[in-house]
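Working notes, beginning with the structure itself.
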Amino acid sequence: MTFTSRRALSAFTLIELLTVIAIIGILAAIVIPTVGSVREKAQRTVDANNLREIAKAAMIYAADNNDRLPDPDAAGNLNASARVFLWPGILARTGALSDPTLYFSKVDAQFSGVAPTSILSPGNRNTLDASFTDGRELSFEFVGGLKMSDPATTPVAFTRGLRTDGTWDVQNGVYGDTGGYVVYLGGNVEFYPDTATGKFINVTTGQRTDNLLEALPNRPNVKVWGTSRAGIGTPGGTSR
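According to the numbering used here, the sequence shown is numbered sequentially starting from 1.
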């Protein structure tokens with residue numbers, strides 16, 4: 001009788017164990033995606049702050065350079081493997097912003113997880129450091145050739161992957177096709193869901209537009225710069 005009771009008790013305990021394991025599995029399936037979502041939202045806040053700091057640095061640079069923001073086409077003797085990297089390189093060389101980590105989002109699928117050590121080469125401040133450029137996809141695209149006298153509604157930089165129709169590329173967008181941030185010359189940072197319309201102000205007509213290029217001054221040196229997976233920007237610069 002005692003032997004039978006022990007076997008029954010053992011069987012009951014095993015059932016309990018399997019039940020607990022099943023419950024843990026269900027809870028994990030619920031909690032893990034939630035944790036991932038919370039982490040991404042937190043990182044998006046960091047990305048917005050980084051974009052704001054990048055724009056502030058560009059304006060500090062402009063204050064000492066005839067009110068002109070960084071322009072990769074006017075980088076002097078600063079060298080890089082792709083000219084898009086000259087935009088942050090200009091800020092680093094003048095001391096306006098030297099932190100390389102601000103240009104990469106930790107939730108960007110193109111980010112390797114290994115942060116660059118420097119923007120400029122420690123041995124030559126006229127050359128960008130390989131850790132910042134080699135095999136890298138910047139998480140933001142930048143507008144070069146702007147002036148502080150341009151409208152406050154002029155975009156300065158934005159989350160990588162934005163296309164001329166106002167949507168973000170599902171494969172190349174930092175947050176897929178869910179949207180992205182834009183920082184303006186007025187200093188404000190806005191997040192636009194992919195479904196938002198009329199994001200920008202056409203600099204010529206004053207009307208709403210989804211095409212960021214139409215919000216830029218119509219000058220030959222005004223270009224949008226981005227790495228190879230960028231949307232509007234290109235490594236050689238996209239003109240209006």
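Virtual Cβ for every residue (Gly too), placed ideally from N, Cα, C.
The structure displayed is predicted, hence computed values, not measured ones.
- request: Using beta-carbon positions only, say whether P100 and S121 come within less than 8 Å of one another.
  value: As a working mapping, residue 100 is identified with position 100 in the sequence shown. As a working mapping, residue 121 is identified with position 121 in the sequence shown. Result no, Cβ atoms of P100 and S121 do not sit closer than 8 Å.
- prompt: With DSSP run on the structure shown, which of helix, strand or coil describes P220?
  reply: As a working mapping, residue 220 is identified with position 220 in the sequence shown. Looking at P220 - three-state DSSP - the assignment turns out to be coil, as it is neither helix nor strand.
Helix, strand or coil at S98 according to DSSP, with G and I counted as helix: On the sequence shown, position 98 is the one that residue 98 refers to. Three-state DSSP puts S98 in coil, outside helix and strand.
message: With the cut-off set at 8 Å, would you say G166 and D210 are in Cβ contact?
response: One-based indexing of the sequence shown puts residue 166 at position 166. One-based indexing of the sequence shown puts residue 210 at position 210. For G166 and D210, yes; Cβs fall inside 8 Å.
message: Measuring only the C-alpha atoms, how far is T2 from I23?
response: Residue 2 sits at position 2 when you count from the first residue of the sequence shown. Residue 23 sits at position 23 when you count from the first residue of the sequence shown. A caution first: T2 carries a pLDDT of 48, below 50, which makes its placement in the model too unreliable to give a value.
field: Residues near D71 by beta carbon distance below 7 Å, same chain, minus five either side
entry: Against the sequence shown, residue 71 aligns to sequence position 71. So the qualifying residues of the chain are G144, G145 and N221.
query: Is it true that the CB of R163 sits closer than 8 Å to the CB of G231?
result: Reading the sequence shown from its first residue, position 231 is the one you call residue 231. Reading the sequence shown from its first residue, position 163 is the one you call residue 163. Yes, the pair counts as a contact, with Cβ atoms nearer than the cut-off.
- prompt: Who are the Cβ neighbours of S139 in its own chain at under 8 Å, not counting the five residues just before and after it?
  reply: Numbered from 1 along the sequence shown, position 139 holds the residue referred to as residue 139. Around S139: D47, Y103, F104, S105, D108, Q110, F111, T159, R160 and V174.
Element boundaries [alpha helix (DSSP H), containing P88]: Here residue 88 refers to the residue found at position 88 when the sequence shown is read from its first residue. Taken as a continuous stretch (DSSP letters only), the alpha helix (DSSP H) holding P88 covers L86 to R93.
- prompt: Measuring CA to CA, which of K41, T153, S149 and W168 is closest to R179?
  reply: Counting from one through the sequence shown, the residue named residue 179 turns up at place 179. First, the residue type needs correcting, since residue 179 is Gly and not Arg in the sequence shown. Closest by alpha carbon: W168.
message: By DSSP's criteria, Y184 is part of a beta bridge. Which residues make up the other side?
response: Counting from 1 along the sequence shown, the entry for residue 184 is found at position 184. In the DSSP output, where bridge partners are listed per residue, Y184 has P155.
task: Counting only the same chain and skipping the five closest in sequence on each side, list residues whose C-beta sits under 6 Å from that of F85.
output: What you label residue 85 is simply residue 85 of the sequence shown in a count that begins at 1. These residues qualify, in order along the chain: L128 and T133.
Beta carbon of A80 nearer than 8 Å to that of G89: Taking the sequence shown and counting its residues from 1, the one referred to as residue 80 is at position 80. Taking the sequence shown and counting its residues from 1, the one referred to as residue 89 is at position 89. A contact, by the Cβ cut-off of 8 Å.
As assigned by DSSP and simplified to three states, the class of R163: Counted from its first residue, the sequence shown places residue 163 at position 163. The answer is coil: DSSP assigns R163 none of H, G, I, E or B.
- request: Give every residue of the same chain whose Cβ lies closer than 6 Å to the Cβ of T94, excluding the five residues on either side of it in the sequence, and list them in chain order.
  value: In the sequence shown, residue 94 corresponds to position 94, counting from 1. If we look at T94 and ignore the five residues flanking it on each side, its Cβ neighbours are Y61.
message: Check for me: the alpha helix (DSSP H) holding F142 runs from which residue to which?
response: The residue you call residue 142 lines up with position 142 of the sequence shown. Where F142 is concerned, there is no enclosing alpha helix (DSSP H), although the beta strand (DSSP E) it sits in stretches over F140 to G144.
query: Is the beta carbon of T153 less than 8 Å from the beta carbon of Y192?
result: Here the question's residue 153 lines up with position 153 in the sequence shown. Here the question's residue 192 lines up with position 192 in the sequence shown. Not a contact, by the Cβ cut-off of 8 Å.
query: What is the DSSP secondary structure of T204, counted as helix, strand or coil?
result: Here the question's residue 204 lines up with position 204 in the sequence shown. T204 falls in the coil class under three-state DSSP.
- request: Take the Cβ of L91 as the centre, count every other Cβ of all protein chains shown within 10 Å, and call the residue buried at 16 or more, exposed below.
  value: Within the sequence shown, numbered from 1, the residue matching residue 91 stands at position 91. With 16 or more other Cβ atoms within 10 Å, it is buried.
message: Considering only the alpha carbon of each residue, which of D73, Q171, T234 and A115 lies closest to R219?
response: If you number the sequence shown from 1, residue 219 lands on position 219. Of D73, Q171, T234 and A115, the residue nearest in Cα terms is D73.
- prompt: Among S228, L212 and R229, which has the Cα closest to the Cα of V156?
  reply: Taking the first residue of the sequence shown as 1, we reach residue 156 at position 156. The option with the nearest alpha carbon to V156 is L212.
Minimum C-alpha distance to Y181 - residue among G76, F142, R83 and V38: The sequence position of residue 181 within the sequence shown is 181, counting from 1. That would be F142, whose Cα lies nearest to the Cα of Y181.
- request: Specify, as a first and last residue, the run of the beta strand (DSSP E) that T127 falls within.
  value: The residue given as residue 127 occupies position 127 in the sequence shown. Per DSSP, T127 belongs to the beta strand (DSSP E) from N124 to L128.
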